[in-house]
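There are 4 protein chains.
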Amino acid sequence: MQQKLKYGMVGGGIGSFIGDVHRRAIALDGKAELVAGVFSRDKDNCEKTGQLFGLDPSRVYSSYQEMAEKEANRRDGIDFVVIVTPNNLHYSVAKEFLKNGISVSCDKPLTIEISEALELKDLAKKNNCLFVVTYTYTGHVMAKEARAIVQRGDIGQIRVITAEYPQSWLVDTIEKKGQKQALWRTDPKQSGKSNCVGDIGSHIENMVSYITGLKIKKLIANMDIFGEGRTLDNNAEIILKYNNGASGTYWCSQVAIGYDNALKVRIFGTEGAVEFIQENCNYLKFTKKGQPTCILSRGNGYISETAAKFNRLPGGHPEGFFEAFANIYSAFVDALKIKLSGGIINEEDFDYPNIDAGIDGVKFISKCVESMEKGSVWVDFD
Amino acid sequence: MQQKLKYGMVGGGIGSFIGDVHRRAIALDGKAELVAGVFSRDKDNCEKTGQLFGLDPSRVYSSYQEMAEKEANRRDGIDFVVIVTPNNLHYSVAKEFLKNGISVSCDKPLTIEISEALELKDLAKKNNCLFVVTYTYTGHVMAKEARAIVQRGDIGQIRVITAEYPQSWLVDTIEKKGQKQALWRTDPKQSGKSNCVGDIGSHIENMVSYITGLKIKKLIANMDIFGEGRTLDNNAEIILKYNNGASGTYWCSQVAIGYDNALKVRIFGTEGAVEFIQENCNYLKFTKKGQPTCILSRGNGYISETAAKFNRLPGGHPEGFFEAFANIYSAFVDALKIKLSGGIINEEDFDYPNIDAGIDGVKFISKCVESMEKGSVWVDFD
Amino acid sequence: MQQKLKYGMVGGGIGSFIGDVHRRAIALDGKAELVAGVFSRDKDNCEKTGQLFGLDPSRVYSSYQEMAEKEANRRDGIDFVVIVTPNNLHYSVAKEFLKNGISVSCDKPLTIEISEALELKDLAKKNNCLFVVTYTYTGHVMAKEARAIVQRGDIGQIRVITAEYPQSWLVDTIEKKGQKQALWRTDPKQSGKSNCVGDIGSHIENMVSYITGLKIKKLIANMDIFGEGRTLDNNAEIILKYNNGASGTYWCSQVAIGYDNALKVRIFGTEGAVEFIQENCNYLKFTKKGQPTCILSRGNGYISETAAKFNRLPGGHPEGFFEAFANIYSAFVDALKIKLSGGIINEEDFDYPNIDAGIDGVKFISKCVESMEKGSVWVDFD
Amino acid sequence: MQQKLKYGMVGGGIGSFIGDVHRRAIALDGKAELVAGVFSRDKDNCEKTGQLFGLDPSRVYSSYQEMAEKEANRRDGIDFVVIVTPNNLHYSVAKEFLKNGISVSCDKPLTIEISEALELKDLAKKNNCLFVVTYTYTGHVMAKEARAIVQRGDIGQIRVITAEYPQSWLVDTIEKKGQKQALWRTDPKQSGKSNCVGDIGSHIENMVSYITGLKIKKLIANMDIFGEGRTLDNNAEIILKYNNGASGTYWCSQVAIGYDNALKVRIFGTEGAVEFIQENCNYLKFTKKGQPTCILSRGNGYISETAAKFNRLPGGHPEGFFEAFANIYSAFVDALKIKLSGGIINEEDFDYPNIDAGIDGVKFISKCVESMEKGSVWVDFD
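Protein chains in written order, with my numbering: chain D, 439 to 820; chain C, 439 to 820; chain W, 439 to 820; chain X, 439 to 820.
This is the structure in structure tokens:
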């Protein structure tokens, strides 16, 4: 029998969107199964969620501390925990499981403070745990293809990067009408120092970093707050310089009518360019200098092996968000299985966003806020 | 606990594409679990597939006849069987399970002969079984939205339909090099009277029928055979007249370089038009007379309830082929649960392709072949 | 000084759309100037049009017969006449000018009857006149690029052609409200045997013929009449076989809501495919077997010389309908200048639609009507 | 007879691209005719250009000073001059003609220094001359439609603007190989303080200003120089704040492989958004809050009157760059005719870019350079 890993979940009770996404994405490949959880502070919701997934009631816990401790002490305890709480809880929950030697999957942004993120990294290393930060979009096969094209030198030396992530859902102050997602996203206590840069700007940062391998040298950020009574940004423009001399702009917005989740990344080099759009994730634009733009379609024979190995479907049969998510879990679980069976792994060989990606994200958010607070001046990244 | 139905599978051993698709699509919602199967004529493959999914070895059978009989006699026997064999076996396998009172999910085209399809319908009715024919593409949320728009009269009376399904995978005679899919698709013994119309033309017919509710009155077909040594069609053009006076053309091709699975349906009425493209399945074009064309995006508030209830993700987070498949299973399993618990259902209330859709598909293929054989003349549909 | 040819016009008075197009297109290059005309049966309009363009009043005529005769007898008489009347007058007007040794530019469809078209061809040859039939769309640079790609063998042997020309302007019976264009288009006395196939189906035929060089072997046509009280077709579906064994479908419609002038031609061969869309005329899709689809952009260095020589603007600065028109006139005037200066020309060396293209168009329309009248059966083309 | 205005040209000899564009664009409508010029410093080229256009040799001048003086003294002297020289000459040439009471059409950027631009404005006013600065792209019908939509309040209060103009032609240092355009564009003596921002960034500024009517309050600019040995920018990112509190980013680049002239402007308000792309100039995206995105197509009945009056062709028959240019001249000539016939005009009533647009452009370039020189800090616009 195909050996499934066992996982628990903190957060993700009935009515939670993102908990459901993690569970379905894991189910798509069937490499791990849910066996424990503390799904909600609402005891009733917590129990019902446990029942819904057929969990042993003794493994539906009332606190994450209890769960971490008890699962660590079971012979058949969970192999990893999935943390899908609001941002402000990531740190303490992750810490608790790492302390108990349990590997962690955590939503982004990893923590509010950089120091917290660094602490988690140390703890994971010390306790021999793996850590995945679920930046969904790098899981897309064609984002991997973009990276492969850049890595094999097909676009030459990178000069210019333009990336954006426009949404429209916060165009009105729906938090005043009690919209749940909007309530916590626009609340500094739950979201941290930034809403828009934190939530979606960080996806831009991660995707660019993933595809190009470049490090940010310095940045200038302008962050806007639209909508009466709001205190956190919902639109931001950022100018960046990278360690290789390239230049870039990022734009993220939650007030851009006409857009849902239109993450788009364009990388221009001396010899070519690539363009990936999340909403059209089965395709990739690739242009060589002096040649027409080509539209690469996932699943075709010309796709590189490092990307193609994540295909589940042939070309023209769309994959989507769940598959991207599943690809991240697939790589993480593969690594974890080897680790758990006593193998020695090099995390770099596994294509999932590890804790360093999480740390970079927290740093990026902090630097944007710092630049803004100083009057939109250059802020060095390191 | 969420009660899962139990299913078995005929076909779909390791290395099979479509068996994997059915299993993953069902897993996405977790409403049913695989417990039995005869996955391959190759005993070894069959056993290994059973092990891979952790099946009780006693429920991994060596023939579908044995499986049908034994499962029917178990208290915890399967609730339905999934048939993913080559076309020529659909009829006998389905018949065996229906005879034993087991509901059926079967790939399309349903059977080779219309008489066989009609016999299965009678048998299903007599033995109180449900029957789903897995025409994937009508499972897409935006195909459902197209239907909703047509049904509420927004495009007026339908006048013209143009639909196409171009692929390119058979542009070369890859069956001569042993490509497995190509081998059986181009073999009349396994595919039946038609390859291209049977495999993908039938998807056009089903999608148009689903969205419009129109019945074909008569058709003219031209079927082409490109590639030396081939005996079955790989390109076809069809002109149709519908019962309401509308006119249409269908084009399907397996030699159309540049296309993967580009099923596209356009419906033009007196007051508006809709256009759905499978490869871009999260969007739908809708135009009202005298107004600009609008691009509807899945997951937004303006989508009709009948379509929106199948959403798993918000707008801008792509759903794809697996979700379409899962939607069909979700509706089928919902209906079957009610049926199994003694409820009385009206199959029309459940949005999945039932045996009538399967029968229409077989008839459509037969009529195309008949028209072609008579010199591409009009052939009445009934 | 750049020597300009002199032309006259029949039809095209104030308020005429197409007369204005011809004049502007010619003006764009300044290779010829308007000096004479009979612009309208309405004497007043005719005179005012002459004044508007600063014509010598003695060269504003009251009949085309008078114009042909008098211009032929002037030392500075017109070098060619532009015929922009309703279809039914093309034959007699063209005949009159050819008889007087004046070259002709005529709108399509060339004539109502094939015999008339053949007669004009003989007459032109006998009187040493050139003849251009203004099928606009083959004038587009990227249509020429499509032809160049096909001619150099890049798509291999052609197997399948799909082409369409959907419009929406006749979705309602606007001729009943006196819309001028609709009045004559839907009137058999002025349009001839067909409205839709004649007006826009003929553009499909011409474009496919231009790009591929293939001859139609036989066709089946279905022609529909939508709208109460109408007697001519406004929607048609045609299946074709070409002389090389290729197969095709054409669809033209004037009732396709959402479309303006969306002429689209796709040519599929054994080694590649090209796709041209008139509304997006600065680009061309080109796919080689097993490779991603490329988007060629007019004005770039990779465009073939035979197409690129017609560029007026660099890539990314859109050219459009006027340029296509102007390209046809440019090639025609170049040929005519040589001819008029006593040179001997091979008409095939000049890239404009000559009278043979006009004859093919008339034949195509006739054959479609014949197939329809016989019950949509195969009709041989020759 | 339609009275044509008479114009002269400075620059634009044989081999010049932009001179040809101005002439063709003016010819398209035939509202003005070329009668005089000093086309090149190369006497031979100058004379040949005059001959090519059939000019009276006495009106082909050897210096713009001579031309201005002599034309001013002729009864049939030119009504306006078209200046198509390199940037650095705009100021002195324009000044000379204005001093002689001759209205001016001048390419952008208007001048190198703001003070020069202001001086020209005063001079034009004093001498009762009109002045058009030929920012081509605002001439597009759908740019005018975008403005109409914003002006009638359909997108509410503007919050965010993102605009870009990527090109790729300077990705290599082609000026080293003597490419003529590249030579002067990359030369500070001829181009002024900026290459990329000056040439194409200024088009972004003008288009945003035209559509929105907003004034820039302050900006931050980063300007990059890619390519060895270059001294002027060829890539720039700019963050802006507008007078109404809106926020924006502009990106312009001449090293963006895959792009030709892809000017794109997106305006997001509290109630809707519009998006215009120059390369796809016959269409406009328009989204109302909570509604699907619509694709407006030029030439259709739903286009506003202020935009539609510039149509030359029905929907689906592409207009392009020449028509945009011609629209600017059409509005300018209309105004000038009234002025010349003694009428009093309000320049705001005529839809062409006047000298204020030119001044704003020069200021924008200066402010970007100033911000860059100060280390990419906020610079106030006024």
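Ideal Cβ positions, reconstructed from N, Cα and C, are used throughout, including at glycine.
Approximately 15 Å separates the beta-carbon atoms of Pro730/D and Ile593/W; this is outside 8 Å, ruling out the contact. Contact annotation, Ile649/W with Arg736/W: C-beta distance approximately 16 Å; criterion of less than 8 Å not satisfied. Taking the Cβ atoms as the reference, Arg704/X lies roughly 16 Å from Thr576/X, outside the contact range of under 8 Å.
Rounded to whole angstroms, the Cβ separation of Leu568/C and Phe770/C is 7 Å, and the two are in contact under 8 Å. DSSP, read as helix, strand or coil, puts Gly451/C in coil.
Residue-level contact by beta carbon holds for Ser735/X and chain C, with a gap shorter than 9 Å. The C-beta distance from Asn633/D to Leu670/D rounds to 4 Å, short enough to meet the 8 Å contact threshold. Shown here, Pro791/D sits in coil according to DSSP, grouped into three states, outside any helix or strand.
About 7 Å separates the Cβ atoms of Glu709/W and Lys726/W, confirming a contact at the 8 Å cut-off.
With respect to chain C, the C-beta atom of Val542/D has no partner C-beta closer than 9 Å. Within the segment 722–748 of chain X, those residues whose Cβ lies closer than 8 Å to any Cβ of chain C are, in chain order, Phe724, Gly728, Gln729, Pro730, Thr731, Cys732, Ile733, Leu734, Ser735, Asn738, Gly739 and Tyr740. Nearest C-alpha to Gly591/D among Ile638/D, Gly630/D and Phe706/D: Phe706/D.
Here Pro604/W carries a strand assignment [DSSP, helix/strand/coil]. Counted as a single uninterrupted DSSP element, the stretch harbouring Phe748/C is not any alpha helix (DSSP H), since DSSP gives it neither H nor E. In the displayed model, Asn673/X falls within a strand according to three-state DSSP.
At a Cβ-Cβ threshold of 9 Å, Gly686/D and Val598/D count as neighbours. Neighbours of Cys719/C across chain D, judged by C-beta separation under 8 Å: Pro756. Counted as a single uninterrupted DSSP element, the beta strand (DSSP E) harbouring Asp662/X occupies residues Ile654 to Asp662. Contact check for Ala659/X against Lys805/X passes: the beta carbons are separated by less than 9 Å. Less than 9 Å divides the Cβ of Thr574/X from the Cβ of Phe763/X.
From the beta-carbon of Phe759/W, the residues of chain X found nearer than 8 Å are Leu751, His755, Pro756 and Glu757. The beta carbon of Ser500/D sits closer than 8 Å to those of Val476, Lys481 and Cys484, all from its chain and outside the five residues before and after it, given in chain order. Judged by DSSP in its simplified three-state form, Cys544/C adopts strand. By the rule that beta-carbons nearer than 9 Å mark a contact, Phe535/C does not touch chain D.
Remark: C-beta atoms of Gly451/D and Lys486/D approach each other more closely than 9 Å. Comparing C-alpha distances from Glu785/W to each of Ala562/W, Met505/W and Glu717/W shows the shortest one belongs to Ala562/W. Considered as a whole, the segment 483–513 of chain X harbours 502–511 as its complete alpha helix (DSSP H) runs of no fewer than 4 residues, in chain order. By the C-beta density criterion, Glu504/W is exposed, having fewer than 16 other C-beta atoms within 10 angstroms.
Under a criterion of Cβ atoms nearer than 7 Å, no residue of chain D is adjacent to Arg590/X; the nearest Cβ is some 16 Å distant. Only Phe491, Gly492 and Leu493 from the segment 491–506 of chain C bring a Cβ to less than 9 Å from some Cβ of chain D. In the DSSP assignment, Lys726/C falls outside any alpha helix (DSSP H) and within the unbroken beta strand (DSSP E) covering Tyr721 to Lys726. Leu621/X has its alpha-carbon roughly 18 Å from the corresponding atom of Asp545/X. The three-state reading of DSSP puts Ala470/D in strand, counting E and B together.
Residues Asn526 of the same chain have their beta carbon placed closer than 7 Å to that of Lys627/W, with the five preceding and five following residues left out of the count.
Cβ contact annotation for Leu536/D (same chain, cutoff 7 Å, sequence separation greater than five): Val542, Leu558, Leu561, Ala562, Asn565 and Cys567, in chain order. Under DSSP, the beta-bridge partners assigned to Thr687/D are Thr600/D and Ile677/D.
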